[in-house]
Amino acid sequence: MEKRIVRKVLIIANWRKEVAHTLSGEIQQYLSHRGIDSTVFKTNAENTELSVEKGIDLVICLGGDGTVLYCARYLQDLGIPILAINLGTFGYITEISVNEWQESIDHYLAGLNSISRRLMIRVVVLRDGEKVFTGHGLNEMVVSSSGISKVVNLGLSIGQTDAGFFRADGMIIATPTGSTGYSLAAGGPILDVDLSSLIVTPICPFTLSNRPLVISGETKVTVHVLKKQRTGLMLSVDGQQNFELCEEDSVIVEKSRSKALLVTSERRNYIEVIRDKLNWSGGGFHA
1063 MEKRIVRKVL IIANWRKEVA HTLSGEIQQY LSHRGIDSTV FKTNAENTEL
1113 SVEKGIDLVI CLGGDGTVLY CARYLQDLGI PILAINLGTF GYITEISVNE
1163 WQESIDHYLA GLNSISRRLM IRVVVLRDGE KVFTGHGLNE MVVSSSGISK
1213 VVNLGLSIGQ TDAGFFRADG MIIATPTGST GYSLAAGGPI LDVDLSSLIV
1263 TPICPFTLSN RPLVISGETK VTVHVLKKQR TGLMLSVDGQ QNFELCEEDS
1313 VIVEKSRSKA LLVTSERRNY IEVIRDKLNW SGGGFHA
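The sequence shown lines up with residues 1063 to 1349 when you count with this note's numbering.
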């Protein structure tokens, strides 16, 4: 493997986690000894505006999965790899533990670990033919009730095809990365993160035949907010970007032109992460 040229690093730290305060300084010092310039961006909330200066070769993300989703949203069109270090228990996205940060940085600089190119979604809300919201997400978009009554009435189009009417608590359109998140809790399947697919998952549908559906990542999905709702509706992208919907809005979801570039761990792969997170221990396996 060829060594990677890294001149400037942006450290994005979740400042609500105490360990980030000291670790960010340690990483800066470690990089400085290798002739690499770095700056620290402190974030306390997912809606903190992030401005990325030119010349950044690598982002080191200190936090959990939520911090990675935040980084991915702002970096999605910049082509900058994200090395995510988990400051708590392992997340599904953050494979690198806090004790492995030096090793992971060294491996990255030496070209030893690979970069996982993750599909992201672009979400647009059309109201009376006008775009009133645009967002990008790495995990999923959710349309659901914003009021006391949970049941909403939604229409669904997949490509140019009318895919039916849904009475449910909401609808999730998830990426392979997001397949281990809200979609999984709602009964959706787990997908390999390197697939180019989308998952359409109804939330608690009234009709039991409404099942999760895996479709091509090249397909455009439209969720139609129908008339005569008994509650307000909310759009949420990655749980961080929220937008209030109106009746007759159309929520269009399609693959983003850009991908999130996540540096992988050399110690564990995706299957090992979900095996441990979901406790797939069984009774033991002996070859």
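Built from N, CA and C at the ideal position, the CB exists for glycine as well.
Item, Value
"How about residue 1206 and residue 1214: are their beta carbons less than 8 Å apart?", "yes"
"Can you give me the start and stop residues for the alpha helix (DSSP H) that residue 1131 sits inside?", "1127-1137"
"So residue 1168 is in the beta strand (DSSP E); what residue range does that whole segment cover?", "Premise fails: residue 1168 lies in the alpha helix (DSSP H), 1163-1172, not in any beta strand (DSSP E)."
"Cα separation between residue 1180 and residue 1200?", "8 Å"
"For residue 1101, name the three-state secondary structure that DSSP assigns.", "strand"
"In whole angstroms, give me the CA-to-CA distance for residue 1075 and residue 1155.", "16 Å"
"Below 8 Å between beta carbons: does that hold for residue 1126 and residue 1148?", "yes"
"May I ask which residues mark the beginning and end of the alpha helix (DSSP H) holding residue 1216?", "First-last for residue 1216: 1214-1220, but that is the beta strand (DSSP E), not the alpha helix (DSSP H)."
"Pull the bridge partners of residue 1028 from the DSSP assignment, please.", "Residue coverage of the chain in this structure runs from 1063 to 1349, which leaves residue 1028 outside it and unanswerable."
"How would you label residue 1210, buried or exposed, when you count the other beta carbons within 10 angstroms and need 16 or more for buried?", "exposed"
"Might you give, ordered along the chain, the residues of its own chain that have their beta carbon closer than 6 Å to the beta carbon of residue 1275, omitting 5 neighbours on each side?", "1262"
"DSSP beta-bridge partners for residue 1224?", "1219"
"If contact is defined by three or more beta carbon pairs under 8 Å, each pair taking one atom from either stretch, is the stretch 1156-1163 in contact with the stretch 1291-1303?", "no"
"Quick check: what's the CA-CA separation for residue 1138 versus residue 1320?", "6 Å"
"If you reduce the DSSP assignment to three classes, tell me which class residue 1242 lands in.", "helix"
"Please determine, among 1113, 1083, 1218, the residue with the shortest C-alpha to C-alpha distance to residue 1426.", "Because the chain here runs from 1063 to 1349, residue 1426 falls outside it and cannot be looked at."
"Do residue 1106 and residue 1328 have their C-beta atoms closer together than 8 Å?", "no"
"Measure the beta-carbon distance from residue 1255 to residue 1238 and round it to whole angstroms, keeping in mind my assumption that it falls under 8 Å.", "5 Å"
"Considering Cα atoms alone, identify which of 1065, 1104, 1090 is closest to residue 1078.", "1104"
"For the alpha helix (DSSP H) that residue 1287 lies in, which residues bound it at each end?", "It is not in any alpha helix (DSSP H) - residue 1287 instead sits in the beta strand (DSSP E) that spans 1283-1287."
"For residue 1221, which of 1338, 1314, 1120 has the nearest alpha-carbon?", "1314"
"When the Cα atoms are used, what is the spatial distance from residue 1311 to residue 1216?", "10 Å"
"Can you tell me whether residue 1253 is buried or exposed? The criterion is at least 16 other CB atoms within 10 Å of its CB, across all chains shown.", "buried"
"Taking all protein chains shown into account, do 16 or more other C-beta atoms lie within 10 angstroms of the C-beta of residue 1080, making it buried, or fewer, making it exposed?", "exposed"
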